[in-house]
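Everything below concerns the one structure shown next.
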Amino acid sequence: MTAAAPITLEQALLLCTRLCHDLAGPIGALGTGAELLQEDGPGAPLDGETLTLLADSAHAASARLQILRMAAGTARSHQPALADALGALDTVLALGGRRLVRRVEPAYVPDGPRVRLLVALVLVAADAWPHAPTLSVEATPTTLALEADGAPPLSPAWSNALADPPQDLDPRTILAWLARHLADAAGMTLDTTQPGRLVVSAPPS
């Protein structure tokens, strides 16, 4: 375990690029819906499919922005609560036809930094194992664990991104660096050796 290293300009730019990438699709669809409404002209009856496109796109953009803010927002901003984070993760995963299984101790109330770490781990697992239909999250006072159903070991790109120090980061894998950074800042140890699992552990908070 090492102390969290300062964030570099390159890492900040990669996070910004990732944010733009995740929002480009739903915002572009919003633009398409607006163009369709313009083509219909003033006073024309509203097309149901166009309205559905607009509503779905706005929902997707809002969900993605909310979850990225939870993971990458500043420590001085509002700290996410566990229930809010799990609900937002449910929404984002459902956009891709996937689901989140929760294994959280009922009495466990993690602090904001650990919730941010959990959010980052789920996003990393979702990207690293894109074909896993189900992700399981376990949260206890000493452990945060993510398991991707039936997933293989991490690919070299993701192993490198989660390494200490990270290697070959790009907008796709920058959240892996963020997860490592948050784990180090929280005094937790990251284990990526088990196929289909990401585990961080620490003494009880």
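Quick note on the numbering used here: the sequence shown kicks off at 123 and runs consecutively.
Even glycine gets a Cβ: it sits at the ideal position worked out from N, Cα and C.
Residue 135 (DSSP reduced to helix, strand or coil):
In the three-state DSSP reduction, residue 135 falls in the helix class (H, G or I).
Checklist line | Nearest to residue 324 (by Cα), restricted to the options 144, 170 and 310 | finding: It is 310 whose Cα lies nearest to the Cα of residue 324.
Please report the residue range of the beta strand (DSSP E) in which residue 225 lies.
221 to 226
Practice prompt. For residue 179, count neighbouring C-beta atoms within 10 Å of its own C-beta (all shown protein chains included) and say buried if the count is 16 or more, exposed if not.
Written response: buried
Presumed contact (8 Å Cβ cut-off) between residue 235 and residue 308, rounded CB distance: 5 Å
What did DSSP end up calling residue 258 once you bin it into helix, strand or coil? strand
### Message
Can you look up residue 231 in the DSSP assignment and give me helix, strand or coil?
### Response
coil
**Request:** Pick out whichever of 277, 139, 253 and 201 has its Cα sitting closest to the Cα of residue 233.
**Result:** 201
- Message: Report the CB separation of residue 242 from residue 254 in whole angstroms; it is logged as a contact under 8 Å.
- Response: Actually they do not touch by this definition, with Cβ atoms about 17 Å apart.
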